[in-house]
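S.K.: The sequence shown runs 1174 to 1427 under the working numbering. We put the beta carbon where it would ideally sit given N, CA and C, even for glycine. Just so you know, these numbers come straight off a predicted model, no measurement behind them.
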Amino acid sequence: MLIVDKEGILIRYNVKMEKSMTPEDAAAELYPKDELNRAIAEAIFEGEEDDVIDGLKAAIAAGKDPISLIDDSLMVGMKVVTELYDQGVIFLPNVMMSADAMLEGIEFCKAEAGSSPKPKGKVVVHVAEGDVHDIGKSIVAALLRANGYEVVDLGRDVPVDEVIACVKKESPMMLTGTALMTTTMFAFKEVNDRLLEAGIRMPFQCGGGAVNQDFVSTYELGVYGEEAADAPKMADAILAGKSLAELKATFHKH
Ligand code: B12
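1. Between which two residues does the beta strand (DSSP E) carrying valine 1324 extend?
2. Under the rule that 16 or more other beta-carbon atoms within 10 Å means buried, what is aspartate 1229, buried or exposed?
3. Helix, strand or coil, according to DSSP, for valine 1336 in the structure here?
4. Among Asn1210, Asp1244, Tyr1397 and Leu1417, which residue has its Cα nearest to the Cα of alanine 1352?
5. Let me know the secondary structure DSSP gives methionine 1347 once reduced to three states.
6. Quick one, which of Gly1321, Glu1399, Ala1284 and Thr1349 has its alpha-carbon nearest arginine 1329's?
7. Within a Cβ cutoff of 6 Å, which residues of the same chain sit near valine 1336, ignoring the five residues on either side of it in sequence?
8. Pick from Asp1366, Glu1215, Asp1334 and Tyr1322: whose alpha carbon is nearest that of methionine 1346?
9. Bridge partners of glutamine 1378, per DSSP?
10. How would you label leucine 1316, buried or exposed, when you count the other beta carbons within 10 angstroms and need 16 or more for buried?
11. So what does DSSP say about valine 1300, is it helix, strand or coil?
12. Could you tell me the boundaries of the alpha helix (DSSP H) in which alanine 1232 lies?
13. Check whether the Cβ of glycine 1303 sits closer than 7 Å to any heavy atom of ligand 1, and report yes or no.
14. Would you identify the three-state DSSP class for lysine 1179, choosing helix, strand or coil?
15. Hey, how far is the Cα of threonine 1195 from the Cα of lysine 1206?
16. For lysine 1179, which residues of its own chain have a beta-carbon under 7 Å away from its beta-carbon, when the five flanking residues on both sides are left out?
17. Just the C-alpha distance for alanine 1418 and valine 1389, rounded to the nearest angstrom, thanks.
18. Would you kindly report the start and end of the unbroken alpha helix (DSSP H) that includes glutamate 1219?
19. Tell me which residues share the same chain as asparagine 1210 and place their Cβ nearer than 6 Å to its Cβ, disregarding the 5 neighbours each side in the sequence.
20. Pick from Glu1219, Asp1227 and Leu1369: whose alpha carbon is nearest that of glutamate 1432?
21. For glycine 1372, which option in Asp1387, Lys1341, Ala1199 and Glu1400 has the closest C-alpha, if you only look at C-alpha atoms?
22. Looking only at its own chain, which residues have a Cβ that is under 6 Å from the Cβ of leucine 1265, when we skip the five neighbours before and after it?
23. What does a CB cutoff of less than 7 Å around alanine 1235 pick up in its chain, not counting 5 residues either side in sequence?
24. On a Cα-Cα basis, can you pick out the residue from Ala1360, Arg1318 and Ala1410 that is closest to aspartate 1334?
25. Can the beta-carbon of valine 1313 be found closer than 8 Å to that of alanine 1401?
26. Kindly examine ligand 1 and report whether one of its heavy atoms sits closer than 7 Å to the Cβ of glutamine 1386.
Set out below in structure tokens:
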């Protein structure tokens, strides 16, 4: 029903006015319950690097493991960012600020965890040529280091030539690749072919948002890695003597 108040303004009754949803409201439901993890995830969402580091310090002081914090708080914050970006609630500048805060947080956790004195083996990690998405790669590198591996991190947008030259120089036990774009993941096939041409038959574990098992199965050295935690698992399996075929059997789901 409609009535007119004393200033002559129309007032609508019996209709619940919907409050428009802010990005903060949308994010609120997605955060972890644990208060320490929540503060860090919120700081990632807001792209506040100092708050991320303060939150990590507080969580570590309370006894939390720095490497577990990558998954339990930093990743959760980034998942919120990814979800709201995909829904069009937040935009690219927000994502860039969160990504920087995330990378800063990963570096802090890595430094806090320290590295093991005697590496179990060497792994080369990289992001595909043409691709700047390096958050997943940095998590892979952090988890490998945390599990006692020496990591040669080639960074992002790495030319195929550079990957091949590095593998020849470093002779790692395994190579990893990350690609977030359907256009860049094809660089992995090229890396595969160039390694085989050079007579190098080395497990090449590939992951990242754009990549799936069917794609990775199209080149001989490829083993699909769904989660960053699969990287140290696969390195351990190589140390345990598993062949390329056995690695595919272990890490591929169909
Ligand atoms: C953050 C982000 C950015 C940041 C990147 C910052 C950075 N330093 O990484 C910025 C803002 C710079 C950016 C730029 C661009 N982006 Co962007 N971005 C994203 C976003 C929102 C999140 C990606 C992310 O970091 N996810 C979190 C990480 C942790 O996930 P992940 O890397 O996949 O890693 C996980 C697993 O896959 C696994 N993993 C990863 N690698 C490996 C390797 C191994 C061996 C193993 C075992 C596991 C593993 O481990 C991780 C966790 O377990 C996605 C949206 C989405 N839905 O993914 C778009 C997205 C990837 N971007 C996209 C695009 C198009 C772009 C731009 C072209 C610009 C634009 N218009 O948005 C540019 C690209 C420029 C270039 N040449 O690369 C598209 C790609 C589309 C496609 N399929 O090709 C997406 C999907 C957005 C979309 N829906 O359109 N982006």
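M.R.: Based on what the coordinates show:
1. Taking the first residue of the sequence shown as position 1, residue 1324 is located at position 151. Note, valine 1324: beta strand (DSSP E), 1323-1326.
2. One-based indexing of the sequence shown puts residue 1229 at position 56. Note on identity: in this sequence residue 1229 is leucine, with aspartate being the wrong assignment. That one is buried.
3. The residue you call residue 1336 lines up with position 163 of the sequence shown. It is helical.
4. The residue labelled residue 1352 in the question sits at position 179 within the sequence shown. Ranking the options by Cα distance to alanine 1352, first place goes to Tyr1397.
5. Taking the sequence shown and counting its residues from 1, the one referred to as residue 1347 is at position 174. Of the three classes helix, strand and coil, the one that applies to methionine 1347 here is strand, per DSSP.
6. Position 156 of the sequence shown, counted from the start, is the residue given in the question as residue 1329. Nearest option by C-alpha distance: Thr1349.
7. For the purposes of this step, residue 1336 is taken as the residue at position 163 of the sequence shown. Excluding sequence neighbours, valine 1336 sits near His1299 and Val1364.
8. The residue given as residue 1346 occupies position 173 in the sequence shown. When the alpha-carbon of methionine 1346 is set against those of Asp1366, Glu1215, Asp1334 and Tyr1322, the nearest one is in Tyr1322.
9. Start at 1 with the first residue of the sequence shown, and residue 1378 comes out as number 205. Beta-bridge pairing links glutamine 1378 to Thr1349 and Val1396.
10. Within the sequence shown, residue 1316 is the residue found at index 143, counting from 1. Around the C-beta of leucine 1316, 16 or more other C-beta atoms lie within 10 Å, and the residue is accordingly described as buried.
11. Against the sequence shown, residue 1300 aligns to sequence position 127. Reduced to three states, the DSSP call for valine 1300 is strand.
12. As a first step, residue 1232 must be located in the sequence shown, where it is residue number 59. Note, alanine 1232: alpha helix (DSSP H), 1222-1234.
13. Taking the sequence shown and counting its residues from 1, the one referred to as residue 1303 is at position 130. Glycine 1303 Cβ: within cutoff of ligand 1.
14. If you number the sequence shown from 1, residue 1179 lands on position 6. Interpretation of lysine 1179 is limited by its pLDDT of 48, a score under 50 that renders its predicted location unreliable; no figure is taken from the coordinates.
15. Position 22 of the sequence shown, counted from the start, is the residue given in the question as residue 1195. Position 33 of the sequence shown, counted from the start, is the residue given in the question as residue 1206. Distance between the alpha carbons of threonine 1195 and lysine 1206: 20 Å.
16. Sequence index remark: in the sequence shown, residue 1179 carries index 6 (1-based). Reliability of the predicted coordinates at lysine 1179 is poor, the pLDDT of 48 falling under 50, and no value is obtained from them.
17. Taking the sequence shown and counting its residues from 1, the one referred to as residue 1418 is at position 245. Taking the sequence shown and counting its residues from 1, the one referred to as residue 1389 is at position 216. Approximately 13 Å, taken between the alpha carbons.
18. Here residue 1219 is taken as the residue at index 46 of the sequence shown, counted from 1. Unbroken alpha helix (DSSP H) run through glutamate 1219: 1208-1219.
19. Here the question's residue 1210 lines up with position 37 in the sequence shown. Hits under 6 Å: Asp1245 and Ser1246.
20. The chain is shown only over 1174 to 1427; residue 1432 falls outside these bounds and no answer can be derived.
21. Translated into positions along the sequence shown, residue 1372 becomes position 199. The shortest CA-to-CA distance from glycine 1372 to any of Asp1387, Lys1341, Ala1199 and Glu1400 is the one to Lys1341.
22. Position 92 of the sequence shown, counted from the start, is the residue given in the question as residue 1265. Excluding positions up to five away in sequence, the list is empty.
23. Your numbering for residue 1235 matches position 62 in the sequence shown. The answer, listed in chain order, is Leu1209.
24. For this step, residue 1334 is matched to residue 161 along the sequence shown. The option with the nearest alpha carbon to aspartate 1334 is Ala1360.
25. Looking up residue 1313 in the sequence shown gives position 140. Looking up residue 1401 in the sequence shown gives position 228. In this structure, alanine 1401 lies closer than 8 Å to valine 1313 by Cβ.
26. For this step, residue 1386 is matched to residue 213 along the sequence shown. Answer for glutamine 1386: no, Cβ out of range of ligand 1.
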